[in-house]
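Residue numbers are given in the working numbering: position 122 of the sequence shown equals residue 971, and the series is strictly consecutive. Single-structure report; data block below.
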Amino acid sequence: MFGEVKPILIDTDVIINHLRGQVQETAFLKRIMIEEEFQGLYSAVTEVELFAAEKVNEAQVNDIKSILDNLKRIELTSAIAQMAGNFLGRFRKSHSLEMPDAIIGASVLICNASLATVNTRHYSFIPGLLLTSPAAFFPG
């Protein structure tokens with residue numbers, strides 16, 4: 850592989866879809882974790898969201914832990930908190946932005962990464978945020 854490995858933050862929905870057996874998300878995670886095409890990141894918020902699910906069985910818990918162990922965790926820093934707060938102030942009413950998505954969006958920008966998400970509408974209005982979908986990596 851030539852050049853720098855680009856950072857990409859994985860949104861919660863990508864991991865949830867993998868747990869539900871969605872082939873594209875599973876293949877996408879494999880490209881990040883095994884083939885190391887990107888530097889895989891996740892927000893601390895994603896970890897909270899994954900373990901907050903009501904219907905997570907033991908096998909899924911183990912799968913979640915394995916995935917997170919293969920990605921770099923982005924902690925909630927003061928810079929991320931301030932940027933997320935700014936986004937909430939600007940976009941909560943106009944775009945129904947929720948705190949977890951504001952934190953994830955700010956994390957992406959602070960880390961100079963792109964965001965892999967299935968729910969682009971949650972983030973499309975945040976200035977400067979580069980979005981991608983797992984489906985974009987599998988043309989057809």
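Note that beta-carbon positions come from the ideal geometry of N, C-alpha and C, so glycine has one too.
Return the CA-CA distance between residue i and residue j, expressed in angstroms with no decimal places.
i: Phe1013; j: Phe974; result: For residue 1013 there is no data in the structure shown, the boundaries of the chain being 850 and 989.
i: Phe986; j: Ile929; result: 28 Å
i: Glu903; j: Asp860; result: 19 Å
i: Arg869; j: Pro976; result: 31 Å
i: Ile865; j: Val957; result: 19 Å
Give me, in chain order, the residues of the same chain whose beta-carbon lies closer than 8 Å to that of residue i; leave out the 5 immediate sequence neighbours on both sides.
i: Ile857; result: Ile881, Phe887, Gln888, Gly889, Leu890, Ala962, Ser963, Leu964, Ala965, Thr981
i: Thr926; result: Ile959
For the alpha helix (DSSP H) that residue i lies in, which residues bound it at each end?
i: Ser915; result: 907-918
i: Pro983; result: Unbroken run through Pro983: none, as it is neither H nor E.
i: Pro856; result: No alpha helix (DSSP H) contains Pro856, which is instead part of the beta strand (DSSP E) from 856-859.
i: Arg880; result: 872-882
Note the first and the last residue of the continuous beta strand (DSSP E) segment covering residue i.
i: Gly889; result: 888-892
Which same chain residues end up closer than 6 Å to residue i when comparing Cβ atoms and leaving out the 5 residues on each side of it in sequence?
i: Glu924; result: Ala893
Assuming residue i and residue j make a contact with CB atoms under 8 Å, what is their CB distance in whole Å?
i: Leu920; j: Gly954; result: Between Gly954 and Leu920 the Cβ distance is about 18 Å, and since that is not below 8 Å, they are no contact.
Within its chain, find whatever has a CB closer than 7 Å to the CB of residue i; leave out the 5 residues flanking it on each side and keep chain order.
i: His867; result: Glu874, Thr875, Leu878
i: Pro949; result: Val894, Glu898
For the 8 Å Cβ check, are there 3 or more pairs between the segment 902-911 and the segment 934-950? no
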